[in-house]
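Data block below; observations after.
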Amino acid sequence: MRKQDELTNEFTYIGAAVLYAVIGSILNVKMLVYLRRMLKLSNSARMAVHEKGMVFCTLIVFGFTMMMCTQQILRGMAILTDNTEFNNWITIHYYWINDVMVTIPPCTQLLLNSELRRGHCQLFSMPTTSEQSCQIHFYV
Numbered sequence: 017m018r019k020q021d022e023l024t025n026e027f028t029y030i031g032a033a034v035l036y037a038v039i040g041s042i043l044n045v046k047m048l049v050y051l052r053r054m055l056k057l058s059n060s061a062r063m064a065v066h067e068k069g070m071v072f073c074t075l076i077v078f079g080f081t082m083m084m085c086t087q088q089i090l091r092g093m094a095i096l097t098d099n100t101e102f103n104n105w106i107t108i109h110y111y112w113i114n115d116v117m118v119t120i121p122p123c124t125q126l127l128l129n130s131e132l133r134r135g136h137c138q139l140f141s142m143p144t145t146s147e148q149s150c151q152i153h154f155y156v
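Quick note on numbering: the sequence shown equals residues 17 to 156 in my numbering.
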C-alpha cells in the first residue's frame with residue numbers, strides 16, 4: 017500500500033472516532049436535559065426511579081464508548097507516529113473496553129425491566145410461585 021493511502025486511512029480512522037465522540041457527547045447532554053425537564057413534569061415516583069436507572073445505564077455505556085473513541089484516536093496517532101510500543105499497549109486495552117461496553121446494556125436491561133426478567137425466569141424454569149420470587153429491586 018502506498019504511503020499516501022495509509023495516511024488517508026489513518027486520518028479517516030481518527031476523524032471517524034472524533035466525529036462519533038462529538039455527536040455522542042451532544043446527544044447525551046441533550047438526553048440529560050430532556051430527562052431532567054421530564055422528571056420535573058412527572059409526579060410518578062416509580063417512573064422516576066425507572067428513568068434514573070435507564071439514565072445510569074446510558075451514562076455507563078456512553079462512558080465506555082468514549083473510552084473506546086479515545087482508545088481508537090490514540091491508536092491512530094500511535095500508528096501515524098510509528099510508535100510501536102504505544103500502539104501495542106493501547107491495542108491490548110481494546111478488548112476489555114469493548115467487552116464491558118457490549119455487556120452492560122443486556123445486563124442493565126435485565127436489572128431494570130421486570131417483564132424481561134420474568135420472561136427469563138420462565139424460560140429457565142425458575143420457581144415463580146409468587147410475584148416476588150423473580151424480582152430484583154434496583155435502587156438508584
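Backbone N, C-alpha and C fix where the C-beta goes; we use that ideal spot for every residue, glycine too.
- Query: Do you know how far the Cα of M70 is from the Cα of L43?
  - Reply: 15 Å
- Item | Three-state class that DSSP yields for F140 in the structure shown | coil
- Item | Length of the line joining the Cα atoms of V156 and D21 | With a pLDDT of 46 at V156, under the threshold of 50, the modelled position of this residue cannot be trusted, and the question is left open.
- Task: Taking V77 and M117 to be in contact with their CB atoms under 8 Å, please state how far apart those CB atoms are, rounded to whole angstroms.
- Result: That belief holds up - the Cβ atoms of V77 and M117 are roughly 6 Å apart, short of 8 Å.
- Task: Report yes if the CB atom of I113 is closer than 8 Å to the CB atom of M82, and no otherwise.
- Result: no
- Item | T28 (DSSP reduced to helix, strand or coil) | helix
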